[in-house]
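What follows is a set of notes on a single structure, which appears directly below.
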Ligand code: COA
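In the working numbering, the protein residues as written are 4 to 262.
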């Protein structure tokens, strides 16, 4: 048995998944993808977890991309076979609990794509972002051509993907690639603060909220507004809606049951 490359630790209702290949700047190989899927599968079943945080080991790198050594000598269908279903980034984007990327250094290629498949991104001030695949004679293959322009606009996405240039955390914030930039020393604390706050809400309502927000990526505004109306009305069937309204009206703190 080889050493695990994805480590899980829980802090209250938050599960932190750390990609642990620090000597390879946490590059994503097949073992990382397989272990991420196994952990997410277990977390999905675990009612004790409300939010997932994904990060990389060490202070130098979140994830420096797909493991380039696995690309050597591959023909198109070898690569196609390697891109097994379900694909990890799609699993993260549609995961029924929110996933937050805690970005602590290089966030490149598949690492940047992984962060974009998360629901929120918090970066340390030393983080650097890029889609350098063009320098390998490749284009992004983990959703980068689709998720990046939706976050940063077409011009910025074209620039990043067609030059392979890296940008710093501040610029990533300015163009919308990350939501918050914090000093490296505060990254874990600030991320856990956000994650714990979300994890203290009704897990059922959080799940419905994520589902309809994600739907905005694939639906027209008109369709999305109808979908929102239906899920808003669905909330009226839950015990947590009855509890939340009653708690407000009686000036007390709500106790969520997730039903
Ligand atoms: N795949 C495989 N190995 C990687 C890797 C990747 N994506 N990124 C880094 N590594 C490995 C390096 O080969 C090196 O391994 P070694 O010590 O066995 O030689 C180790 O991680 C440290 O990286 P190194 O390049 O020495 O660090 P650096 O600080 O000089 O440079 C980067 C950091 C991120 C600029 C550089 O590693 C890099 O360009 N990585 C590739 C980024 C990329 O193209 N990603 C997209 C892949 S599709």
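Ideal placement from N, C-alpha and C gives every residue a C-beta, glycine not left out.
Any non-hydrogen atom of the ligand COA within 7 Å of residue i CB
i, result
"residue 120", "no"
"residue 141", "yes"
"residue 69", "yes"
"residue 65", "no"
"residue 160", "no"
"residue 171", "no"
"residue 127", "no"
"residue 111", "yes"
"residue 289", "Examination of residue 289 is not possible in this model, given that the chain is present from 4 through 262 alone."
"residue 85", "no"
Euclidean distance between Cα positions of residue i and residue j
i, j, result
"residue 68", "residue 212", "30 Å"
"residue 77", "residue 37", "20 Å"
"residue 210", "residue 165", "36 Å"
"residue 144", "residue 151", "12 Å"
"residue 225", "residue 179", "25 Å"
"residue 219", "residue 188", "35 Å"
"residue 247", "residue 163", "44 Å"
"residue 174", "residue 75", "33 Å"
"residue 205", "residue 81", "44 Å"
CA nearest to the CA of residue i, picked from the options
i, options, result
"residue 14", "128, 66 and 52", "52"
"residue 3", "181, 96, 229 and 144", "The displayed coordinates of the chain run from 4 to 262. Any statement about residue 3 would go beyond what the structure contains."
"residue 117", "129, 35, 5 and 62", "35"
"residue 59", "163, 156, 190 and 179", "190"
"residue 208", "169, 261 and 193", "261"
"residue 84", "225, 33, 120 and 238", "33"
"residue 73", "30, 98 and 41", "30"
"residue 8", "221, 40 and 145", "40"
"residue 146", "139, 224, 160 and 138", "160"
"residue 139", "257, 245, 148 and 167", "167"
"residue 11", "46, 26 and 87", "46"
"residue 259", "107, 196 and 203", "203"
"residue 25", "215, 171, 54 and 66", "66"
"residue 106", "133, 157 and 81", "133"
Three-state class that DSSP yields for residue i in the structure shown
i, result
"residue 171", "strand"
"residue 61", "coil"
"residue 78", "coil"
"residue 119", "helix"
"residue 126", "strand"
"residue 218", "helix"
"residue 235", "helix"
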